[in-house]
Each structure stands twice: as structure tokens, then as C-alpha cells.
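In this note's numbering, the protein residues as written are 62 to 221.
We put the CB at the ideal spot given by N, CA and C, even for glycine.
Take a look at the structure set out below.
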Amino acid sequence: MKFYYFTYFIIKEGITHMNLRNSLNKMRDNFIRSMQGRYIMYGTDSFSRFLFGLVLLLIFINIIIGSSLLSLIEFVIFVYAYYRLFSKNISKRYHENEMFEKYKNKYISFFKNFKYNINQAKTYHIYKCPNCGQKIRIPRGKGKIMVRCPKCYTEFQKKS
Ligand SMILES: [Zn+2]
Numbered sequence: 062m063k064f065y066y067f068t069y070f071i072i073k074e075g076i077t078h079m080n081l082r083n084s085l086n087k088m089r090d091n092f093i094r095s096m097q098g099r100y101i102m103y104g105t106d107s108f109s110r111f112l113f114g115l116v117l118l119l120i121f122i123n124i125i126i127g128s129s130l131l132s133l134i135e136f137v138i139f140v141y142a143y144y145r146l147f148s149k150n151i152s153k154r155y156h157e158n159e160m161f162e163k164y165k166n167k168y169i170s171f172f173k174n175f176k177y178n179i180n181q182a183k184t185y186h187i188y189k190c191p192n193c194g195q196k197i198r199i200p201r202g203k204g205k206i207m208v209r210c211p212k213c214y215t216e217f218q219k220k221s
């Protein structure tokens, strides 16, 4: 009697297991099918990473300041970032990312130039030629020196 129960149990478990495996396979197939043609299947782009990073940053800031408006902004950005990932309009998403890259590079070069200009101002004086208006870069701390304009060759005296 016990043996029959045991066999019954094994067969029943086997069938359930097979069914479970089948339905898991089916779920996986459905998932893969539903993901086809979606933006995320082409990998995450820099704009997505930026958006999720921004949400994380805002969450941290909001832990300190506890603003409900900021929570709403976090939520909207989060939903938008997810919407982008699962969007089927690949070309539009791609274009968005290109725009993002463009603005990011502009922003980065602005700050690089800003840093560069500050360093230049520390080590150089910028003078204008009294004759033609050409800008001339003179190292600081050399006392009174004669400057010759590289454009019109006018000479003038400056304190550096
Ligand atoms: Zn000149």
C-alpha cells in the first residue's frame, strides 16, 4: 500500500513539475516576445543612466529636505525613465539620447573652459593693443615690460 502511494506521489509530483516547467517556459517566451522591439533590448543609453542617477540623487537629497514636491518630481522622472526603456519608438528614443549627449558635452566644455579661464587669469594678464585692439597675453609678475603687438608690431609699455 505504501509503495502505491509512493508511486502515485512521484508521478503526481512529476506531472506538476512538468506543468510548472512548461508554464515557466511559456512565461519566459511571453516575456521575451513582449520585450522584442523595445528600446531596452538595445542596451541602456547614457540618457537612461543619467535619469536613474538623477532620481537616486534626488532621493538622497529628499531624505535630508523632505519635500513632497521633490518626491513628485522624482516620481515623474522615474516613470519617464521607465517609459523610455520599454518604448517601441526606437528612433525617437535614440534622438533623445543624441540631444542629451549634445547638451552634456556643451555643459562639460563650458565648465572646462571656465576652469581654463580662471587658471589663465591667475598666470597671465590680457592686454589690448592700443593701435589695433588685438588681445595679447602677458605673463604676470615680470615688472614693467615692453610689449610688441604680434599683429601690427606696435610697441607699448605695460606693468605685468
Ligand atoms: Zn596691434
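Whole-angstrom distance between residue j and residue i, CA atom to CA atom
i, j, result
"S95", "G127", "38 Å"
"Y168", "G114", "17 Å"
"R82", "F64", "27 Å"
"T184", "F217", "20 Å"
"L119", "K153", "26 Å"
"F92", "I101", "13 Å"
"R201", "Q181", "10 Å"
"I206", "C193", "19 Å"
"S221", "K173", "26 Å"
"T77", "R99", "34 Å"
"V140", "L117", "13 Å"
"L112", "D90", "30 Å"
"N158", "F175", "26 Å"
"F171", "S84", "55 Å"
"I124", "Y164", "29 Å"
"K203", "K219", "10 Å"
"M88", "G75", "20 Å"
Close Cβ partners of residue i (< 7 Å) along its chain, the five nearest in sequence each way excluded
i, result
"K196", "I187 and K189"
"S109", "A142, R145 and L146"
"C210", "C190, N192, C193, Q195 and I197"
Heavy atom of ligand 1 within 6 Å of residue i beta-carbon
i, result
"Q195", "yes"
"T184", "no"
"K212", "yes"
"T215", "yes"
"N166", "no"
"N192", "yes"
Beta strand (DSSP E) segment containing residue i, residue limits
i, result
"I197", "K196 to P200"
"M207", "K205 to R209"
"K219", "E216 to K220"
The alpha helix (DSSP H) enclosing residue i, as first and last residue numbers
i, result
"Y141", "S129 to L146"
"F153", "Here residue 153 is Lys; the residue named in the question, Phe, does not match the sequence. Note, K153: alpha helix (DSSP H), I151 to T184."
"K63", "K63 to M96"
"G104", "Taken as a continuous stretch (DSSP letters only), G104 belongs to no alpha helix (DSSP H), as it is neither H nor E."
Residues near residue i by beta carbon distance below 8 Å, same chain, minus five either side
i, result
"I134", "L119"
Same chain, Cβ closer than 6 Å to residue i, five either side skipped, listed in chain order
i, result
"N178", "none"
"F161", "F108"
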